[in-house]
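Written out below as structure tokens is the structure these notes cover.
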Amino acid sequence: MSTGAMLRILDRADKEVMKLTRADIGAVYEFMHKFRHNPDNPGLKLKALSGDSRLMSARVTRDHRALLLHIADRDYLLVAVKHRGEVYDDLSRYAYRINRVTGGIEVVDLAPVGDSIVGRVIPPEAEAVPASKPLFDAYPDAQLLDLGVSEPLLPQIRELTTEAELLELLDRAPQLTTDVLFALFDGTSYDEVLQQVTDPVRADEPIDPDDYEAAVERPATQVTSDDEALQAIIGEAFERWQIFLHPTQRKLVERKYNGPARVGGGPGTGKTIVALHRVAHLARQLPPGADKPILLTTFNRNLAADLRTRLLALGGQELVARVDIVNIDRLASRVVTEAKAGANRSVINDNQVPDLWGEFLLETGESGWGADFLAAEWTQVILGQVLNSRADYFKARRPNRGRSLTRMERDQIWQLTERFTSWLEDRGIWTWRQVAQRAARLEMDRALAAGESSGALRRPRYRHIVVDEAQDLSAAHWKMLRAMVPSGPDDLFLTGDTHQRIYDNHVTLGSLGINIRGRSSRLTLSYRTTRQILADALQIMTGEVYDDLDGGEEDLAGYRSLLRGAPPVFRGTATWAQERDLIAEQVRAWGNPVDGSVAICVPTKDLAAEVLNRLKADGLPAVEIGPDGPKQPDGIHVGTMHRFKGLEYQRMIIAAVADGLVPRQMISRYRDTDPKRYQRERQKDRSLLFVAATRPRDELAVFWHGTPSPFLTARLVQRQPA
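When we follow the numbering used here, the leftmost residue of the sequence shown carries the number 660, and every step to the right adds one.
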């Protein structure tokens, strides 16, 4: 009597499946079910394609065959679903082997270049005149193989002379081959490709090219064997990202870390996906229970809601039940409420603090310090670093604060902040920064007590903490989180990009007890936006230096995309009224879509209101993006730059990118009086524009009136149509 079999599915196989009719898709799922129950079923007609080959075929329908790689005794890998003619007419068409760099299994379709739809969908400029010599003539075979290029494709790679041919070949090439060739084609040097593309996915152990059982278990062989996941792929209930990870991402997700780890990378590189899969990976290691030993947190509350939705889609209610998903300020508020601290006090937004300091100084007659300076000193240094006493403040470092302070000046400021805190308390209010500071102090005391007691009430709150958008958290937030999880393996896992920092939180994690040295990685491949949009977004960042959350610098070197599209549009007008006409004209040129695929981004709420009114006057359903996201999914979404964090659209207009609006005119008052703050505020506005420019997937239009923003380089401005 026959026994069942293990049947896993290679990530690229779902591409073949999704090209089929709905009826045939159902037949594929039925085939997988039958095969796993009994691969010897005569109706499946399982047989080797040639001699002693591992590559086998099995019957799915009358016209379609499954290509299977025989891994071991009853272990198979579904690598493609093809028409029977493609399978049997040319047995030499398919090659398989273990990549000597990644150790992953690669199955390659060796069909000659020239029979693909790719050439019909890429932009016309890619249909270039053939190059005078092959595209990769400068790289010997040995170098390409060292970079991880699939060896069976070398003969075809040597024949490539145009970008259209390259795109067609890479449409069916293994992932690492695609990444390497695109990087070389874009002008990246061999050494840089080796460092940025190949080394992050290199196997940790020596590779046996004949050990397929070991190869199928490596991160580079992207497979799934879960019944529900397989059904989801066939039923199109999941997107591909929810099941499959790029080998680089999977390696980071499944690695065991000896302490806090950080994953960085530009917009659209999959940092949030990695965070979600990391949570799922950690949850799978947990013993059974009804508690929530894993915390998943982020700064923004609507991003926290999105994380919950996506984690539910990824792992179901059973996974979500073991994870505490909450934004960082709500978590701090929960800690304070549990301790019955701050009762009967309402929380106000931190952006009101400068005005409150102004009221306090006016009311008390204090005139030695400006409200803006005191607000920033209190928020960023005293509250931000959870300083508990004047002595702590005397010793505190004040990075990015501009002017230095004498001991006497620090004493004056400390006394003023104590009076200001009492003034707020008398009014029955406090700020989110104060809540974070109080929560951090409470958790630090709790952790200290835990070291003196083994009782259940003294156990750490969490076993693992995963933080998305880590660049937005303050020092007080980090001190609270550090105290919530015991130091040790896999304690803290952070994802973020300091180029997208849009709040005034600058920290050095090492000084807060979170040491990520040697456990910091970076993703460089963008899945969201096209190469054309990406290139112009990177131009916006020209001239800025960003930190890496640990005292060093971080750049976007190697950040790239494999997607192609039309170049972004840059256009200026004389007046704001004319620019609103231009916005309406662009929306009409895109066919007046109202399905939520188009968005318009502006610097201020007042400008957003005017755009909303203009679109509604044209009979278009414009939808405002509020603090919790778009008020409804359909329509044309309109909002300020802050509102677009974490969102993405097919097409997008960024309007009013004019001098005085981007960056804000008000920050110019700091240019001479507080140069460091001026630079910090200017960098924050540049990051906002960068975040906005990397939201669209396919098309981007950037408009301005009057003088364009200084963040738009001369090359971008001069490219506007006549």
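All C-beta atoms in this analysis are idealised placements derived from N, C-alpha and C, irrespective of residue type, glycine included. The structure presented is a predicted model; accordingly, all values stated were derived computationally and were not measured.
Under 7 Å from any heavy atom of the ligand PLP, does the C-beta of residue i make it?
| i | result |
| --- | --- |
| Y753 | Absence of the ligand PLP from the depicted structure is noted, as is the absence of any ligand whatsoever, leaving it without description. |
Just curious, the beta strand (DSSP E) that residue i is in, first and last residue?
| i | result |
| --- | --- |
| T956 | 953-956 |
| T1080 | Counting along the chain, T1080 falls outside any beta strand (DSSP E), though it belongs to the alpha helix (DSSP H) covering 1066-1085. |
| M715 | 714-718 |
| D768 | 764-768 |
| L727 | 723-731 |
| T1232 | 1228-1232 |
| L1151 | 1151-1154 |
| Y755 | 753-757 |
| R909 | Premise fails: R909 lies in the alpha helix (DSSP H), 906-913, not in any beta strand (DSSP E). |
| F1135 | Here residue 1135 is Ala; the residue named in the question, Phe, does not match the sequence. Where A1135 is concerned, there is no enclosing beta strand (DSSP E), although the alpha helix (DSSP H) it sits in stretches over 1134-1143. |
Check whether the Cβ atoms of residue i and residue j sit closer than 8 Å, and answer yes or no.
| i | j | result |
| --- | --- | --- |
| A664 | T720 | no |
| G923 | T857 | no |
| L1193 | H905 | no |
| R756 | E675 | no |
| R672 | V760 | Sequence inspection shows Ala at residue 672; the Arg mentioned does not correspond to that position. No, the pair does not count as a contact, with Cβ atoms beyond the cut-off. |
| Q1159 | P926 | yes |
| V1125 | A934 | yes |
| D722 | R743 | yes |
| V875 | R667 | yes |
| R718 | L708 | no |
| Q1198 | L1375 | yes |
| A1360 | I1284 | no |
| T931 | T1154 | yes |
| L669 | V882 | yes |
| L840 | L829 | yes |
| V1257 | Q1309 | yes |
| G1024 | Q1071 | no |
| N758 | A879 | yes |
| Y1186 | G763 | no |
| D800 | L812 | no |
Would DSSP call residue i helix, strand or coil?
| i | result |
| --- | --- |
| P1289 | strand |
| E1358 | strand |
| G744 | helix |
| Q1309 | strand |
| K1054 | helix |
| V922 | strand |
| I776 | Low per-residue confidence applies at I776: pLDDT is 33, beneath 50, and the placement is therefore not dependable, though the value from the model is reported in the following sentence. Coil at I776, not helix or strand. |
| R667 | strand |
| W1028 | coil |
| S992 | helix |
| A980 | coil |
| T1372 | coil |
| T1332 | helix |
| E1283 | strand |
| K678 | coil |
| D950 | coil |
| H1296 | strand |
| G1169 | helix |
| D867 | coil |
Since residue i and residue j are thought to touch, with beta carbons under 8 Å apart, how far apart are those beta carbons, to the nearest angstrom?
| i | j | result |
| --- | --- | --- |
| T1188 | R1223 | The pair is not a contact, with the Cβ atoms about 11 Å apart (cut-off 8 Å). |
| K1138 | L1168 | Not quite, the Cβ-Cβ distance comes to about 11 Å (not below 8 Å), so this is no contact. |
| D1156 | W1091 | Actually they do not touch by this definition, with Cβ atoms about 23 Å apart. |
| A1142 | R1181 | Incorrect: roughly 28 Å between the Cβ atoms, too far for contact. |
| K1275 | A1281 | 5 Å |
| W1016 | A998 | No, W1016 and A998 are not in contact; Cβ-Cβ is about 27 Å, not under 8 Å. |
| Y753 | V740 | Contact doesn't hold; Cβ gap of about 13 Å is too wide. |
| V982 | V1094 | That pair is no contact at about 23 Å. |
Can you confirm whether residue i, when its beta carbon is compared against all beta carbons of chain C, has any partner nearer than 8 Å?
| i | result |
| --- | --- |
| L1046 | In the structure shown, chain C does not exist; there is a single protein chain. |
State the start and end residues of the unbroken alpha helix (DSSP H) segment that holds residue i.
| i | result |
| --- | --- |
| L1021 | 1012-1023 |
| T837 | 834-844 |
| L1266 | 1264-1276 |
| H940 | 930-943 |
| R1247 | 1235-1248 |
Contact between the region 1234-1249 and the region 1284-1293: three or more CB pairs below 8 Å?
They do not touch, by the three-pair rule.
Sufficient close CB pairs (3 or more, under 8 Å) joining the region 954-966 to the region 986-1000:
With the cut-off at 8 Å, the region 954-966 and the region 986-1000 touch.
Would the region 1140-1152 count as touching the region 917-937 if we require 3 or more Cβ pairs under 8 Å?
With three or more CB-CB distances shorter than 8 Å, the region 1140-1152 counts as touching the region 917-937.
Any chance the region 1050-1069 sits against the region 1086-1106, with 3 or more Cβ pairs inside 8 Å?
They do not touch, by the three-pair rule.
Would you call the region 1354-1368 in contact with the region 1228-1235, where contact means no fewer than 3 C-beta pairs closer than 8 Å?
When C-beta atoms of the region 1354-1368 are compared with those of the region 1228-1235, three or more pairs fall below 8 Å, so the two segments count as touching.
Contact between the region 1330-1338 and the region 1259-1279 (3+ Cβ pairs under 8 Å):
Taking a contact to require three or more Cβ pairs closer than 8 Å, the region 1330-1338 and the region 1259-1279 do not qualify as touching.
Meets three-Cβ-pair contact criterion under 8 Å: the region 816-834 and the region 722-732
No contact exists between the region 816-834 and the region 722-732.
Hey, is the region 1310-1322 in contact with the region 1339-1359, meaning 3+ C-beta pairs nearer than 8 Å?
With a cut-off of 8 Å, the region 1339-1359 and the region 1310-1322 count as touching, because enough Cβ pairs lie within range.
Counting pairs of Cβ atoms below 8 Å between the region 1016-1024 and the region 993-1004, do you hit three or more?
Using a C-beta cut-off of 8 Å, the region 1016-1024 makes no contact with the region 993-1004, since fewer than three inter-stretch Cβ pairs fall below that distance.
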